Structure formats: structure tokens, C-alpha cells
Amino acid sequence: MQSLTTALENLLRHLSQEIPATPGIRVIDIPFPLKDAFDALSWLASQQVYPQFYWQQRNGDEEAAVLGAITRFTSLDQAQRFLRQHPEHADLRIWGLNAFDPSQGYLLLPRLEWRRCGGKATLRLTLFSESSLQHDAIKAKEFIATLVSIKP
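Take 20 as the starting number for the sequence shown in the numbering used here and just add one per residue.
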């Protein structure tokens with residue numbers, strides 16, 4: 020659990036730096052050491068923030084826990100259009116559920132994303148605003164303040 024606390028503190032330090040009052044996307048990635056026994060699903064279940072989404076690849080090599088939404092999409096087309104508008108962030112992931120009809124779904128760009136791929140993990144905070152990243156950074160700090168440790 021110490022790894023998570025340290026990673027969140029690092030995110031807050033990044034958010035305390037000068038962030039422009041301009042529109043755009045900013046991604047902050049913090050390496051997350053896997054030395055602690057971190058149970059992403061239990062941590063997610065302990066949170067009072069929604070939406071929440073958990074995914075694990077069948078072979079267990081990749082895992083993700085996402086929390087909060089900075090923007091939502093009701094169709095796969097909307098989500099893909101958003102990603103195409105931001106080619107400078109080619110590694111952004113949209114998470115959620117898609118109906119058999121791709122024009123219906125619940126997809127989101129998460130505020131916070133913990134992702135493990137093999138033996139490496141990252142905690143990612145995403146800022147997005149059509150008017151002011153600085154304002155969204157304030158919201159992100161408030162968001163982080165609501166997070167809690169795993170409940171026994």
C-alpha cells in the first residue's frame with residue numbers, strides 16, 4: 020500500500036507545478052513499483068468515486084483499474100473521434116462497455132488509471148479541458164483527496 024501512497028503524493032507534486040490555463044490534455048505517469056502486494060480490485064472496491072472499471076487479460080499479463088471519468092462517450096465512434104483529435108497522446112486508452120451495436124455504449128477517459136503490464140505498473144492521471152488545464156488540475160487535486168486505502 021506504501022507504493023500507492025507514494026505514487027499519489029508524486030501526482031500531487033506534479034499538480035502543484037505550473038499548469039497553463041489553456042485547453043488540452045496532459046498525462047502524468049508515475050511508475051508504480053510492484054514490491055508491495057497491491058490488490059487493484061480491492062482498492063477500487065474501497066473507493067467512493069465512480070465510475071469504476073476493472074479489467075484483466077485472460078492470461079493475467081495485463082491488468083487495469085480505472086477510476087473517475089473526465090469525459091464520457093456514448094458510442095465507439097465518438098470515442099475514436101476524440102482519440103483522432105489528440106494524436107499527440109497515442110497511448111490514451113478509452114475504457115468501458117460497448118453494446119453489440121457500436122453506436123451504443125458507455126465509454127470513458129478515466130481520471131486515474133492503474134495499469135500493470137507484465138512486471139511493470141504505472142499510475143496515470145489525465146487532465147483534460149476544453150478551456151483550462153489549470154482548472155482541471157484543481158479538480159484532479161480534489162479527486163485525489165477523496166481516495167482512501169483498501170478497506171479490510
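Beta carbons are placed, not taken as given, at the ideal position from N, Cα and C, and that holds for glycine.
Keep in mind it's a predicted model, so treat the numbers as computed, not measured.
Inset, instruction - Below 8 Å on the Cβ atoms is my guess for residue 60 versus residue 84; work out the distance and round it to an integer in Å. - result: 7 Å
Legend entry - Unbroken stretches of the beta strand (DSSP E), 3 residues or longer, contained in the stretch 67-146: 71-75, 81-92, 114-117 and 124-136
Inset, instruction - Would you grab the beta carbon distance between residue 1 and residue 50 for me? Rounded to a whole angstrom, and I think it's under 8 Å. - result: Any question about residue 1 goes unanswered here, given that the chain covers just 20 to 171.
Inset, instruction - Check each candidate in 109, 154, 72 and 82 and name the one with the smallest Cα separation from residue 35. - result: 154
Inset, instruction - For the beta strand (DSSP E) containing residue 49, list its first residue and its last residue. - result: 43-51
Inset, instruction - From the DSSP output, in three-state form, read off residue 168 for me. - result: coil
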